[in-house]
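The structure appears below as structure tokens.
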Amino acid sequence: MPTTIPTTTSSTRPGSPSAGDAYFETDTKSYIIYDGAFWRAYNSDGIPFGANVYSLEFDGANDYIDLSSNVSISGAFSISMWVYPDDIAGYLILGSTSTDNIFLYANSSGTLSFRGGTGFTTNVVSTTNLTAGSWQHVVITRDGGLNYTFYRNKTSNAVTGPTSTDSDIAFDRIAANSTVQFGTFDGKMDDLAFYNKELSASEVASIYDNNLHASGLVAFYRFEDGSGTSLSDVVGSNDGTLTNFPASPWSTNTPY
37 MPTTIPTTTS STRPGSPSAG DAYFETDTKS YIIYDGAFWR AYNSDGIPFG ANVYSLEFDG
97 ANDYIDLSSN VSISGAFSIS MWVYPDDIAG YLILGSTSTD NIFLYANSSG TLSFRGGTGF
157 TTNVVSTTNL TAGSWQHVVI TRDGGLNYTF YRNKTSNAVT GPTSTDSDIA FDRIAANSTV
217 QFGTFDGKMD DLAFYNKELS ASEVASIYDN NLHASGLVAF YRFEDGSGTS LSDVVGSNDG
277 TLTNFPASPW STNTPY
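Going by the working numbering, the first residue of the sequence shown is number 37, and it counts up by one from there.
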């Protein structure tokens, strides 16, 4: 018969514990055990999702994905994805139909920028470029303030944002925004994940090296549907609809 471990939080740990007392902290998602002198924490080393069979091919012309509702994140966040650009010509990777018009964009040199808000009050630019013809793991994180970090193949590039920033991030399109402007992504995409926290460098490395995803996922698109015009959110119910794609856009060329 399994035993339920009692819960606590990092701010309400028992004041007079006994050696061997164990709890699950609901805010840190950690198991803690009192060793008689200190609380010791065990953190999950990642959530494995298994190898991929499919990725999704975007033609760079007019195909994009409509999500059933916004993927909304406030404060600290992270976005992780694998991309295989067929060329570097300037295009949207993520977009929105909201008035804030948040988007993740790669320019004609492959440089990533994250923009949004009235007058683009959020505008942070990576110094690391995407390249054509290979799979690359891309992550953007925010610490809840003005500090952003871009990662390409687990190599980091820290960026300080503008003096004002949008606290709420809401995406509802993949490879397009409200007017399908700036061009749509040309290439393959896989394992698009949204987190409600800032991923650490070690958590980013775990995704890149071992396909182990950290806790805090709010939406995760594995692109494993393999047929039809639907894209499944495997951690939630915010599924997507493929728009303007050809009959067979699913590719067996995957990053791992």
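From the three backbone atoms N, C-alpha and C, an ideal C-beta is built for every residue, glycine too.
Could you spell out the range, first to last residue, of the alpha helix (DSSP H) harbouring residue i?
i, result
"residue 245", "237-246"
Thinking residue i and residue j are a contact (beta carbons under 8 Å), I'd like their distance in whole angstroms, please.
i, j, result
"residue 279", "residue 101", "7 Å"
"residue 240", "residue 195", "Not a contact, Cβ separation roughly 15 Å."
"residue 212", "residue 131", "5 Å"
"residue 112", "residue 222", "Residue 112 to residue 222, Cβ: 31 Å. No contact."
"residue 259", "residue 91", "5 Å"
"residue 93", "residue 287", "5 Å"
"residue 176", "residue 115", "5 Å"
"residue 146", "residue 122", "Not quite, the Cβ-Cβ distance comes to about 12 Å (not below 8 Å), so this is no contact."
"residue 58", "residue 67", "7 Å"
Helix, strand or coil for residue i? Go by DSSP, reduced to three states.
i, result
"residue 275", "coil"
"residue 104", "strand"
"residue 256", "strand"
"residue 124", "coil"
"residue 37", "Per-residue confidence for residue 37 stands at a pLDDT of 45, beneath the threshold of 50, marking its modelled position as unreliable; the derived number appears in the next sentence. Residue 37: coil per DSSP, three-state reduction."
"residue 84", "strand"
"residue 93", "strand"
"residue 179", "coil"
"residue 208", "strand"
"residue 151", "strand"
"residue 76", "strand"
"residue 160", "strand"
"residue 113", "strand"
"residue 44", "strand"
"residue 261", "coil"
"residue 269", "strand"
"residue 146", "coil"
"residue 118", "strand"
In the DSSP assignment, the beta strand (DSSP E) including residue i goes from what residue to what residue?
i, result
"residue 292", "Careful: residue 292 lies outside any beta strand (DSSP E) and carries neither H nor E."
"residue 183", "183-188"
"residue 194", "191-196"
"residue 169", "Note, residue 169: premise wrong, no beta strand (DSSP E); not H, not E."
"residue 60", "58-61"
"residue 223", "222-231"
"residue 139", "139-142"
Would a C-beta distance cut-off of 8 Å place residue i and residue j closer than the cut-off?
i, j, result
"residue 220", "residue 120", "no"
"residue 103", "residue 209", "yes"
"residue 144", "residue 125", "yes"
"residue 71", "residue 55", "yes"
"residue 50", "residue 44", "yes"
"residue 266", "residue 275", "yes"
"residue 106", "residue 230", "no"
"residue 306", "residue 269", "Outside the modelled stretch of the chain, which goes from 37 to 292, sits residue 306, for which no answer is possible."
From the beta carbon of residue i, is the nearest beta carbon of chain C less than 8 Å away?
i, result
"residue 145", "Included in the structure is just one protein chain, with no chain C present."
Can you find a heavy atom of the ligand COA that lies under 7 Å from the Cβ of residue i?
i, result
"residue 127", "With respect to the ligand COA, the structure offers nothing, as it holds no ligand at all."
message: Can you confirm whether the segment 247-256 touches the segment 79-95 when touching is taken to mean that 3 or more C-beta pairs between the two stretches lie within less than 8 Å?
response: yes
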